[in-house]
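Q: Next up is a structure, given as structure tokens.
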Amino acid sequence: MPNLSKEKLRQGVKKLSLKTRLLLAATLWLSAMTIAAGVSIPGLVRDYLISDLEIQLGHAMDEIAANLEVDDQGQLMLATRLSDPRFNQLQWTLLANQHKERLFAFSLLVG
């Protein structure tokens, strides 16, 4: 019985013109590629953005660590303004505790 349905399908496809068969094949191919792109591209973009953010954060942390100084009272201070203007909108307050240092960041400047 299954061979009979396969034979009917083959005969039905053979009755289609070459133009129709090529158009059908192109439509199926493009549909498959569009679905594959829709599944894979968002993951690739997400991975790229996460990697880029990690690199930027690494550079920012290196710059912060390079500009830290201890003042006379034992508090950590930034020696210079940071190169990224986003960080210059924020006041970084670093307080030294007796046993360990704590970082209090992102207290907005008044004014």
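Using this note's numbering, the first residue of the sequence shown is number -2, and each one after it goes up by one.
Positions of the beta carbon are idealized from the N, C-alpha and C atoms, including for glycine.
Just verifying my parser: in three-state terms, what is the DSSP assignment at Leu65?
A: It is a strand residue.
Q: When DSSP labels each residue in this structure, what does Ser2 get in the three-state scheme?
A: In the structure shown, Ser2 sits in a helix (DSSP, three-state: H, G or I).
Q: Would you call the region 66 to 74 in contact with the region 43 to 50, where contact means no fewer than 3 C-beta pairs closer than 8 Å?
A: No, they do not touch.
Q: Determine the DSSP secondary structure at Leu73, reduced to helix, strand or coil.
A: In this structure, Leu73 counts as strand in the three-state DSSP scheme.
Q: Is the Cβ-Cβ distance between Glu60 and Leu73 less than 8 Å?
A: Going by C-beta atoms, Glu60 is not nearer than 8 Å to Leu73.
Q: Can you check whether the CB of Asp81 is closer than 8 Å to the CB of Ala62?
A: For Ala62 and Asp81, no; Cβs fall outside 8 Å.
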